[in-house]
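Working notes for the structure below.
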Amino acid sequence: TSDAIGKIKFAMVGDPTGTITRNFDVMREGQGLADRGTFVVDPDGVIQIMEITSEGVGRNAEELLRKVKAAQYVRAHPDEVCPAKWEEGEETLAPSLQLVGKI
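Taking our numbering, the leading residue of the sequence shown gets 1497, the next gets one more, and so forth.
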């Protein structure tokens, strides 16, 4: 493994049989390949973040990490929401219908 992969502190899985890929409905059966999908699953087994990226579009690890931190924050503080571009330590919001279309 690479030095970068060795520093990862969260679970990652391989899928040599394609079982997970098929269960998440990202397998391209005719090609035997998977779409470029990222799925973040919380400790209760609930998908909190799901992103499918086309082959020609780059992915941003920093943005994914920001989203993971936001999901963790909201899990610990269920009466708050993290707005777009929220960073750790920034102000959060109280969920309400008045926020719809304004953030």
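C-beta atoms are modelled at their ideal positions from N, C-alpha and C, and glycine is treated no differently.
request  = Rounded to whole angstroms, what's the CA-CA distance from M1546 to A1530? Just pull it up for me.
outcome  = A straight line joining the alpha-carbon of M1546 with that of A1530 spans about 14 Å.
request  = Counting only the same chain and skipping the five closest in sequence on each side, list residues whose C-beta sits under 7 Å from that of R1562.
outcome  = Cβ contact annotation for R1562 (same chain, cutoff 7 Å, sequence separation greater than five): E1583, in chain order.
ask   = Relative to the C-alpha of G1514, which residue among Q1527, F1506, A1507, K1503 is closest?
value = For G1514, the closest alpha carbon among the candidates Q1527, F1506, A1507, K1503 is that of Q1527.
ask   = Which of the three DSSP states, helix, strand or coil, is assigned to E1482?
value = Past the edges of the chain, shown from 1497 to 1599, lies residue 1482, and the structure says nothing about it.
request  = Return no unless some Cβ of chain C is closer than 8 Å to the Cβ of D1538.
outcome  = Given the protein chain composition of this structure (a single chain), no chain C is represented.
message = On a Cα-Cα basis, can you pick out the residue from P1539, G1597, F1520 that is closest to F1506?
response = Nearest to F1506 by C-alpha distance, out of P1539, G1597, F1520, is P1539.
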